[in-house]
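Everything on this sheet refers to the single structure shown next.
Here is the structure:
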């Protein structure tokens, strides 16, 4: 189970390895939102997303023996890169199981971070069976993307930083909007804020059609998404809240927020224009909610996490086109 | 005269107002450069460039009476925005004298930061005469873009942060590449490093055809550029080194580096891809030198300042096209 002391332990192990990302603001964005907007720029984190925190926390928590055997993860995206770099820096072997039709740049990046990439055919192969076989053969430890106590603890280190940075800015009460797939980042941040900054409350942000967490929080029971794809916010399209993450968020998080893909693109464009950072669509939904759902937010300040910046050129160009 | 105590005093006044910008790195950029590359991301500073530091240092150093009268600056770019926001936050009236053909977005931004913009015709009007008349009529203090002891001190606060951040990373010896127009940032940083991190040495970076500082450093005398325009690095196209900045750099800076506009664009693209930050061409020349002039740099680490990110959409698209 993840609690504040597990988060603090993860943060301690991350010191000097993860970047303490800045909390960015812009007077010109504040005008759009009608309040002060702060972006916790996790897109600047190593590998371009917060996932490095959880990957590092999980790898560094292993026994020396388990680490020497190696780790394995299933991911076509940010979790793959986060785990791969964390494993490389620990000298741990790393296998990433990815669909063969994943974007070539993501496969290449994962390999550049030293991982062995095993490709499978989405239509024909059983990913879990392939991964389980390799893990058993080589004695690898599976690192899940969100439903893992150490991964949640690592993401929680981002919440400790938000608590410190809000205190430095004199912010005692605010909603903290978190881009949400399975809920690993949101639940880790919620636990950190509960202990360190109880006036800050996590609220999840999701794309339309993939608002499983918002519906689950509203109903008090785990709800699933109807579709598996169909939004540009690829990093956060998970089928349902996690078994570990949902109970935490059900207890600590406020009502979920939902934005359209078009709003995510517009938020990416404004982050480029006003904050000089690169967000991917799934990393921009929290900022989009801060900018375009002002009536659903209370208070003079709103903090949102810009959770990742690994975006393809074509999609980024779509975002910039919103400024023409 | 600017010395380390004036820089420390400026840094003290900037505490809680300027962002302590992060030092970003990427394993994948290191491969290109053949050494570890660190980007001091001043593009994330308020108003999108380091100029906010100097503007704040100058406005905050004024007597209460002078501040109440107000300030004036000539600039079509980053200095205008930095001074305007600093003045606004001090409640000081601010006039910015800009050419009427400046990009509309820069005029609009400067107004959004609360400044009164006075436009002049480049072909017909005498900018200095217009500014001098307004300053005399209203009792405004002129804040020059680089040849001002307080402005240099404010930019030097960036150097104090680099010294601290390098120490945290265990970097004792490295070249620090600084995008260079008139030399305000480079000279302030050089003075800060001389006191706080003497193993770090400033080297200027400039665009081809506008390498007045490199030639001046090489010859030991102030050299001027032949042309006033003709590079996309608009932020750093000054005619010659400053009277205050050149003696500092002549004493403290290593040989200047020069890159092409095409290399600046390529560095912008790689900063987008690998570091998730937005650089303008003039803010990318130091990174370009780190990546594309490896033979002119010594040591295992190189630090470069990404000095600004206020780039027009059309130019940014040119940079992204280098990735196709």
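Residue numbers (this note's numbering), protein chains in the order written: chain Y, 2 to 325; chain R, 2 to 325.
The beta-carbon is built from N, C-alpha and C at its ideal position, and this holds for glycine as well.
{"Check": "Residue range of the unbroken alpha helix (DSSP H) whose run includes residue 282 of chain R", "Outcome": "282-293"}
{"Check": "Touch test, the stretch 247-259 of chain Y against the stretch 186-196 of chain Y, Cβ-Cβ under 8 angstroms, three pairs minimum", "Outcome": "yes"}
{"Check": "Inter-residue Cα distance where the pair is residue 180 of chain R and residue 105 of chain Y", "Outcome": "34 angstroms"}
{"Check": "Straight-line Cα distance separating residue 34 of chain Y from residue 354 of chain Y", "Outcome": "In this structure chain Y extends from 2 to 325, so residue 354 of chain Y is not present and cannot be described."}
{"Check": "Cα-Cα separation, residue 160 of chain R to residue 270 of chain Y", "Outcome": "31 angstroms"}
{"Check": "Pairwise C-alpha distance: residue 94 of chain R and residue 243 of chain Y", "Outcome": "54 angstroms"}
{"Check": "Beta-carbon neighbours of residue 95 of chain Y, restricted to chain R and to distances below 7 angstroms", "Outcome": "Near residue 95 of chain Y there are no residues of chain R at all, since even the closest Cβ is about 14 angstroms away, more than 7 angstroms."}
{"Check": "Given residue 258 of chain Y as reference, the closest of Y/197, Y/178 and Y/41 once Cα atoms are compared", "Outcome": "Y/178"}
{"Check": "Cutoff 6 angstroms; reference residue 87 of chain R; Cβ partners in own chain excluding five residues on either side", "Outcome": "56, 57 and 60"}
{"Check": "Contacting positions in the stretch 50-62 of chain Y - beta carbon closer than 8 angstroms to chain R", "Outcome": "none"}
{"Check": "Inter-residue spacing [alpha-carbon to alpha-carbon] between residue 198 of chain Y and residue 173 of chain Y", "Outcome": "7 angstroms"}
{"Check": "Residues that residue 44 of chain Y contacts on chain R, provided the C-beta gap is smaller than 8 angstroms", "Outcome": "277"}
{"Check": "Entirely enclosed beta strand (DSSP E) segments - the stretch 173-258 of chain Y, minimum 3 residues", "Outcome": "175-180 and 201-208"}
{"Check": "Own chain residues within Cβ distance below 6 angstroms of residue 52 of chain R, not counting five before or after", "Outcome": "79, 80 and 83"}
{"Check": "Residue span of the alpha helix (DSSP H) that contains residue 37 of chain Y, given as start and end", "Outcome": "From DSSP, residue 37 of chain Y is part of no alpha helix (DSSP H) but of the beta strand (DSSP E) over 37-42."}
{"Check": "Interfacial residues, the stretch 18-35 of chain Y to chain C, with Cβ spacing under 9 angstroms", "Outcome": "In summary, chain C is missing from the structure at hand, where the protein chains are Y and R."}
{"Check": "Three-way DSSP call (helix, strand, coil) for residue 144 of chain R in this model", "Outcome": "coil"}
{"Check": "Burial state of residue 208 of chain R (16 or more Cβ within 10 Å)", "Outcome": "buried"}
{"Check": "Beta-bridge partners of residue 307 of chain R, as assigned by DSSP", "Outcome": "R/42"}
{"Check": "Interface residues of the stretch 97-128 of chain R facing chain Y [CB-CB below 8 angstroms]", "Outcome": "110, 113 and 114"}
{"Check": "Residue 63 of chain Y (DSSP reduced to helix, strand or coil)", "Outcome": "coil"}
{"Check": "Residue 218 of chain R versus R/210, R/231, R/204 and R/28, residue with shortest Cα-Cα distance", "Outcome": "R/204"}
{"Check": "Contacts of residue 86 of chain Y in chain R (Cβ-Cβ under 8 angstroms)", "Outcome": "28"}
{"Check": "Cα-Cα separation between residue 70 of chain R and residue 41 of chain R, rounded to whole angstroms", "Outcome": "35 angstroms"}
{"Check": "Residue environment, residue 2 of chain Y, which counts as buried when at least 16 other CB atoms sit within 10 Å", "Outcome": "exposed"}
{"Check": "Per-residue burial, residue 13 of chain Y [other beta carbons within 10 Å of its own, 16 or more giving buried]", "Outcome": "exposed"}
{"Check": "Strand pairing of residue 74 of chain R, partner residues [DSSP]", "Outcome": "R/97"}
{"Check": "For residue 260 of chain Y, the residue or residues it bridges with in DSSP", "Outcome": "Y/208"}
{"Check": "Three-pair Cβ contact test at 8 angstroms for the stretch 104-124 of chain Y versus the stretch 23-31 of chain R", "Outcome": "yes"}
{"Check": "C-alpha gap between residue 286 of chain R and residue 139 of chain Y, whole angstroms", "Outcome": "47 angstroms"}
{"Check": "Test item: CB-CB of residue 289 of chain Y and residue 312 of chain Y under 7 angstroms", "Outcome": "no"}
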